[in-house]
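Protein chains in written order, with our numbering: chain A, 30 to 178; chain B, 54 to 236. Glycine included, C-beta positions come from ideal geometry on N, C-alpha and C. In what follows, a structure is listed as structure tokens, so that the remarks can point back to it.
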Amino acid sequence: MNANGCDRVKELLAPWVREELSAADRRFVEEHVAGCEECRAEASLVRALHAGVPIMPDDLTARVTASIATTPLRRRVWMSPQLAVAAIVVLALGTAVLWRQSPGEGNGVLAEEPLALTWPTDDGFIAGVAMLDDLSDEALAELLEELGG
Amino acid sequence: MVKEEAGGLPDSDLVRLAKEGDREALDELCTRHIASVFRVCRGFLGDDDEAADATQECFVKAVRALPRFRGDASFRTWLLTIASNEAKGVFRKRKRRAEQALESAGPLVSDEPEAGDVTALRQEAGQARVMVAELPDKQRRAVTLRIDEGLSFKEIGEVIGSSEGAARVNYHHGIRRLREMMI
Chain A
30 MNANGCDRVK ELLAPWVREE LSAADRRFVE EHVAGCEECR AEASLVRALH AGVPIMPDDL
90 TARVTASIAT TPLRRRVWMS PQLAVAAIVV LALGTAVLWR QSPGEGNGVL AEEPLALTWP
150 TDDGFIAGVA MLDDLSDEAL AELLEELGG
Chain B
54 MVKEEAGGLP DSDLVRLAKE GDREALDELC TRHIASVFRV CRGFLGDDDE AADATQECFV
114 KAVRALPRFR GDASFRTWLL TIASNEAKGV FRKRKRRAEQ ALESAGPLVS DEPEAGDVTA
174 LRQEAGQARV MVAELPDKQR RAVTLRIDEG LSFKEIGEVI GSSEGAARVN YHHGIRRLRE
234 MMI
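Quick look at the structure:
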């Protein structure tokens, strides 16, 4: 038997013992195994492994379904695009106002710059977005109300 | 809602329903795949009780992660990846605790493939299963996923986090090593 035949047969041994091969492939494997000691030994091992496939305990399905019955199905919450934009604007303005009002020395230079020059509007990242993603519409409305007050 | 047609629904539909909060769809997915999950855990851990615990934990984690499942891989492959990682985690914890590793093989399936010396095959099967537990991590997973679950090498690669070629090599190296151990 040539090496290619052996390689092909070794690839097919697992589906062979699982009885998943077509009639043609099954015949190919069986004829090869009958004449090839190397592949016959490997077929014997794969068959033994398959014969030892573990059996699931009877009560496991009930146990697992009971367990997942109490596991919350968390659904992803999306806010409306308008609400998201409004939240970002309010956060940006609120942060800028607080920044300008802060007496800290570190903010002195930035506080003297016009807002349009200091706020990173074009870098694709705005602080707070990740947090806002997880808020429901109701929670976000409350946050906006707080910030507005 | 799913009850009457659940048996015929593909996994993708059941997943969509489960994501919408349908508990019956979730139960159907569990029933459909639990034996595979158990076999993957059992094949890795070599212990029924540990495998049952890992199976339960795997499903709890899968339910929690379901909203993030995007369907890039099949649900079965995704679930078996969670199972494989869970079993690996349990194995590492066990190793860290330096407990006694791997015991005897579990019960055997009743339908033997061909006539012959059934007792000898059972003994050989038990021995082979014990030897599988001695294989390196990826070889062990590749062998059990291929023989127990019938996964393709591409699917095995997805589960164990390697390429299709590496999965194939791990499987063949595992089989070769088992043959050496069984002599």
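Any non-hydrogen atom of the ligand SAM closer than 7 Å to R56/A Cβ: Within the structure as shown, the ligand SAM is missing, as the structure has no ligands at all.
Cβ of M30/A within 8 Å of any chain B Cβ: Model confidence at M30/A stands at a pLDDT of 45, short of 50, so the residue's coordinates are unreliable; what they give is reported in the following sentence. So no, M30/A is outside the interface.
Host alpha helix (DSSP H) of F206/B (start-end): From DSSP, the alpha helix (DSSP H) with F206/B extends over F206 to I213.
L98/B versus M184/B - alpha carbon distance: 12 Å
Beta-carbon proximity list for A158/B, same chain, < 6 Å, skipping 5 on both sides: Confidence at A158/B is low in this model, with a pLDDT of 47, below 50, so the placement of that residue should be treated as unreliable; the coordinate-derived value is given next. Once the five neighbours on either side are set aside, the close Cβ partners of A158/B are G179, R182 and V183.
Run of the alpha helix (DSSP H) containing I200/B, from where it starts to where it stops: D190 to I200
CB of D80/B within 8 Å of CB of T94/A, strictly: yes
Cutoff 7 Å; reference V196/B; Cβ partners in own chain excluding five residues on either side: V185, L188, Y224, G227 and I228
Alpha-carbon to alpha-carbon, E171/A and L127/A: C-alpha separation (whole angstroms): 20 Å.
Short CB-CB distance (under 8 Å) between L79/B and chain D: Looking at the structure shown, chain D is missing, and the protein chains on hand are A and B.
Proximity to R129/B [Cα-Cα], best of M234/B, E233/B and E208/B: E208/B
N138/B versus V93/B, R85/B and E233/B, residue with shortest Cα-Cα distance: The option with the nearest alpha carbon to N138/B is V93/B.
Within-8 Å CB hit, D101/B to chain A: Yes, D101/B lies at the interface with chain A (some Cβ there is under 8 Å from its Cβ).
Cβ-based neighbour list, C65/A, same chain, cut-off 8 Å, excluding 5 preceding and 5 following: M30, G34, C35 and V38
Rounded separation between R76/A and T90/A - CA only: So the two alpha carbons sit approximately 28 Å from each other.
DSSP state of R69/B mapped onto helix, strand, coil: When DSSP states are grouped into helix, strand and coil, R69/B belongs to the helix group.
K72/B versus V90/B - alpha carbon distance: So the two alpha carbons sit approximately 20 Å from each other.
Interface positions of the stretch 47-79 of chain A facing chain B (Cβ-Cβ less than 7 Å), listed along the chain: Per Cβ criterion, the list reads R47, E49, A70, E71, L74, V75, R76, A77, L78 and H79.
Where the alpha helix (DSSP H) containing D14/A begins and where it ends: For residue 14/A there is no data in the structure shown, the boundaries of chain A being 30 and 178.
is_contact[R37/A, chain B] using C-beta, thresh 8 Å: Using a Cβ-Cβ cut-off of 8 Å, R37/A does not count as an interface residue toward chain B, since no Cβ of chain B sits closer than that to its own.
T108/B classed as buried or exposed, judged by whether at least 16 other C-beta atoms fall within 10 angstroms: Classification for T108/B: buried.
Boundaries of the alpha helix (DSSP H) in which E81/B is found, first to last residue: Residues R76 to L98.
Candidates I97/A, L74/A and P83/A: closest to M234/B by CA position: L74/A
K148/B to A52/A span [Cα, whole Å]: 45 Å
Presumed contact (8 Å Cβ cut-off) between D64/B and S127/B, rounded CB distance: 7 Å
L133/B versus G203/B, L62/B, R230/B and L70/B, residue with shortest Cα-Cα distance: G203/B
Beta-carbon spacing of T100/A, R117/B below 8 Å: yes
Contacts around E67/A, its chain only, beta-carbon distance under 7 Å, and the 5 residues preceding and following it disregarded: C35
For A145/A, the three-state DSSP class (helix, strand or coil): Only weak support exists for where A145/A lies, its pLDDT of 46 falling under 50; the value from the coordinates is given anyway. It is helical.
Integer-rounded CB distance, given that D190/B should sit under 8 Å from K141/B: Indeed they touch by this definition, with Cβ atoms about 7 Å apart.
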